[in-house]
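Structure first, then comments.
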Amino acid sequence: MSRSAASRANRRGGKPPSPEPLPAPAIDSHTHLDITLDSDRRPDDRAVDDEIESAAAVGVPRLVQVGVDVGSSRWSAEVAARHPHVLAAVALHPNEAGAGAATDDALAEIDRLAALPRVRAVGETGLDRFRTGPDGWAAQEASFRAHIRIAKDRGIALVIHDRDAHEEILRVVDDEGAPEHVVMHCFSGDASFARACVERGFVLSFAGTLTFANAGYLREAAALAPVGQLLVETDSPFLTPVPYRGRPNASRLVPHTVRALAEVTGVELEELCAHLTTTAERVFGSW
Numbered sequence: 001m002s003r004s005a006a007s008r009a010n011r012r013g014g015k016p017p018s019p020e021p022l023p024a025p026a027i028d029s030h031t032h033l034d035i036t037l038d039s040d041r042r043p044d045d046r047a048v049d050d051e052i053e054s055a056a057a058v059g060v061p062r063l064v065q066v067g068v069d070v071g072s073s074r075w076s077a078e079v080a081a082r083h084p085h086v087l088a089a090v091a092l093h094p095n096e097a098g099a100g101a102a103t104d105d106a107l108a109e110i111d112r113l114a115a116l117p118r119v120r121a122v123g124e125t126g127l128d129r130f131r132t133g134p135d136g137w138a139a140q141e142a143s144f145r146a147h148i149r150i151a152k153d154r155g156i157a158l159v160i161h162d163r164d165a166h167e168e169i170l171r172v173v174d175d176e177g178a179p180e181h182v183v184m185h186c187f188s189g190d191a192s193f194a195r196a197c198v199e200r201g202f203v204l205s206f207a208g209t210l211t212f213a214n215a216g217y218l219r220e221a222a223a224l225a226p227v228g229q230l231l232v233e234t235d236s237p238f239l240t241p242v243p244y245r246g247r248p249n250a251s252r253l254v255p256h257t258v259r260a261l262a263e264v265t266g267v268e269l270e271e272l273c274a275h276l277t278t279t280a281e282r283v284f285g286s287w
């Protein structure tokens, strides 16, 4: 499914209402404002401002805008440069890489963008064995390795996309050597994989999938992670939390996931928000 088709499919059902505000600020560590607001052309500044303001109104005043190809990575860097509440991550998504997009010129542009002051992560990069078939796996891995090197060279975080590739992800990162900060975006593994990531010092970022009825394995994984190695995200417009699963996601819906994480970890909600903010600032730096 293309990004545009996925975005249109996720818009069915209309926008969910905003939840009750959090008692303390939290951060959306991974969102795609460009896809959320308009998948066919880049959204204007007013639309971006409105989206950020609606999130701030429920206690989510800051976010990380994530690129998935050269165009969206450039846009992410531009938005972060002009908006004080946004930082950027830049990369070629593994499915883009598997389709041949990780050319020398494209990787050089990602490297250039990664040097910009408001770009604080390389990602999302990684491996995807679900949407990309075996013919694209070698290209995905080569791109992943290149992105790891960029993150280390630029001294910024690495944000990993991992779909059906847990052991391969660990193999590649162990082989290349991890940068100081690694975030497992939309963590999708079980408790055993979570333990392996935590032992390596990785941060586990949980999306709305944490709230799904069939995701007990994710709740077990979240429960064993130290609170200082947890983040929350939307991956907006995808992975909308219960009770609005299947409808369009947005940063203002982060409170649903934060509350679910508080229940799973047993950490009081306001304290959890403080930990999530501290961890995001440690990983991405100050906004």
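Quick note: the sequence shown uses the UniProt record's numbering, first residue 1, plus one each step.
Built from N, CA and C at the ideal position, the CB exists for glycine as well.
If you're wondering where the values come from, they're calculated on a predicted model, not measured in any experiment.
Item, Value
"Residues bridged to F206 [DSSP beta-bridge criterion]", "V232"
"Close Cβ partners of V258 (< 8 Å) along its chain, the five nearest in sequence each way excluded", "L22, A26, V232, L269, L272, C273 and L276"
"L204 to T279 span [Cα, whole Å]", "11 Å"
"C-beta atoms of H30 and H185 nearer than 9 Å", "yes"
"Straight-line gap, P17 to A138 (C-alpha atoms, nearest Å)", "43 Å"
"Alpha-carbon spacing of I160 relative to E168, whole angstroms", "12 Å"
"V182 (DSSP reduced to helix, strand or coil)", "strand"
"Local Cβ density within 10 Å of N249, reported as buried at 16 or more and exposed below that", "buried"
"Through-space distance from D44 to F187, alpha-carbon basis", "31 Å"
"Residue burial classification, T234 (beta-carbon count within 10 angstroms, cutoff 16)", "buried"
"Cross-strand partners of A157 (DSSP beta bridge)", "A121"
"Local conformation of G246 per DSSP, three classes", "coil"
"DSSP beta-bridge partners of R163", "D128"
"Residue closest to D104, alpha-carbon to alpha-carbon, out of D135, A146, I52 and H93", "A146"
"Span of the alpha helix (DSSP H), counted from its first residue to its last, around D135", "Here D135 belongs to no alpha helix (DSSP H), and DSSP marks it neither H nor E."
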